[in-house]
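In what follows, a structure is listed as structure tokens, so that the remarks can point back to it.
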Amino acid sequence: MSKLGLIHYNYAGKSLDEFLKFCSDTGFGYVELAIGTVWNADTSEPEANAEAVRKQVESYGLQVSALGAGNDFVVLEEDTIRAQVERMERIAKIAKILGTSVLRTEGGSMKDSVPESRWVEAMAGCLTRCLEFAEQDDVYLAVDNHGLVTNDGDLQVELFERVGSKHVGANMDTMNYRWAGHELETVGRFCEIIAPYTIHTHLKDGTGSRGNYRGEALGEGEIDLKKAIQCLRNAGYGGVWCCEYEGRENDGIGQRKSFTWMQENL
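Next up, the structure:
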């Protein structure tokens, strides 16, 4: 049976408890959380808070599929690299407390101090430094094709091959390549080449790119979701299929429609 999940961060205006109840009532079995849910400016003991959140999640019969790390690995200065890696190591421990070994990892943001020609070098350097704890603690870093740095399948493959570890791979977001401006044919090719590296997924649908982007319920946009799913299945993907709904409304209707689509197609 497929593992169906829903991401928390954009379930707008709802407390964690309301979100968890919605997921449980709808039929989802998994949730993806963000590090800010358990470690923020108001949290002095994130590890203890993570234990409480895990119990809260489990009280609804749910499990955490991944923890969004909110990192930035597009850095080259040693002090900044060290700070990012140390932070990630602590987040990895928090993830394990929550009951997951998957960190949804950002590539990072564009900045004048790191030219595009050195993006892969910068990210690979940080990810390689993370391998010491990732391999020891059996933690997996799923780099999201999010933003404008990692929204290119060819760049992602270059990055994963440079790092060269099963503990570093992709979070395949099915809409983000299109959002970044790639043609639908290219989006399909990226799904093919990224599938073997995929650790976690965001099933997302919509239309258009950048300023013209409109999020839709699964199956109601222009993304060939069935092709993406087949690519992942052909590659042996056995992880959680996590829905990310970015529609105009956030009253639960789009998420429920997406869940029904997932039940019918996964």
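Sequential numbering from 8 applies to the sequence shown in my numbering. We put the beta carbon where it would ideally sit given N, CA and C, even for glycine.
Name the residue from the options whose alpha carbon lies nearest to the alpha carbon of residue i.
{"i": "T107", "options": "G114, I98, G115", "result": "I98"}
{"i": "E128", "options": "E84, I101, Q143, F266", "result": "E84"}
{"i": "G36", "options": "K10, T44, D231", "result": "K10"}
{"i": "L225", "options": "D180, E123, L138", "result": "D180"}
{"i": "G115", "options": "P53, V109, I88", "result": "I88"}
{"i": "D212", "options": "I42, G160, W268", "result": "W268"}
{"i": "K234", "options": "E256, T44, E192", "result": "E192"}
{"i": "I42", "options": "K103, L162, F29, W248", "result": "K103"}
{"i": "L210", "options": "P122, L110, Q270, G68", "result": "Q270"}
How should residue i be labelled, buried or exposed, when 16 other C-beta atoms within 10 angstroms of its C-beta is the threshold for buried?
{"i": "A90", "result": "exposed"}
{"i": "P276", "result": "Given that the chain is displayed from residue 8 to residue 273, the structure contains no residue 276 and the question cannot be resolved."}
{"i": "S66", "result": "exposed"}
{"i": "S124", "result": "exposed"}
{"i": "E223", "result": "buried"}
Between residue i and residue j, what straight-line distance do the alpha-carbon atoms span, to the nearest angstrom?
{"i": "D119", "j": "D79", "result": "14 Å"}
{"i": "E229", "j": "T205", "result": "22 Å"}
{"i": "L232", "j": "I101", "result": "32 Å"}
{"i": "E251", "j": "A76", "result": "17 Å"}
{"i": "Y244", "j": "E165", "result": "20 Å"}
{"i": "G254", "j": "Y18", "result": "10 Å"}
{"i": "E25", "j": "M117", "result": "35 Å"}
{"i": "G34", "j": "N257", "result": "18 Å"}
{"i": "N56", "j": "W46", "result": "8 Å"}
{"i": "Q163", "j": "G68", "result": "35 Å"}
For the putative contact between residue i and residue j, defined by C-beta atoms under 8 Å, what is the C-beta separation to the nearest angstrom?
{"i": "G12", "j": "S72", "result": "5 Å"}
{"i": "L23", "j": "L74", "result": "With 8 Å as the limit, L23 and L74 do not qualify as a contact, their Cβ atoms being about 13 Å apart."}
{"i": "V150", "j": "T157", "result": "6 Å"}
{"i": "H15", "j": "T44", "result": "7 Å"}
Are three or more beta carbon pairs between the region 253 to 271 and the region 233 to 241 nearer than 8 Å? no
Is it the case that the region 167 to 178 contacts the region 214 to 229, given that we only count it when at least three CB pairs across the two stretches are under 8 Å? No, the region 214 to 229 is not in contact with the region 167 to 178.
Spell out a yes or no on whether the region 125 to 141 and the region 160 to 175 are touching, meaning 3 or more CB-CB pairs, one atom from each, closer than 8 Å. yes
Hey, is the region 56 to 71 in contact with the region 129 to 136, meaning 3+ C-beta pairs nearer than 8 Å? no
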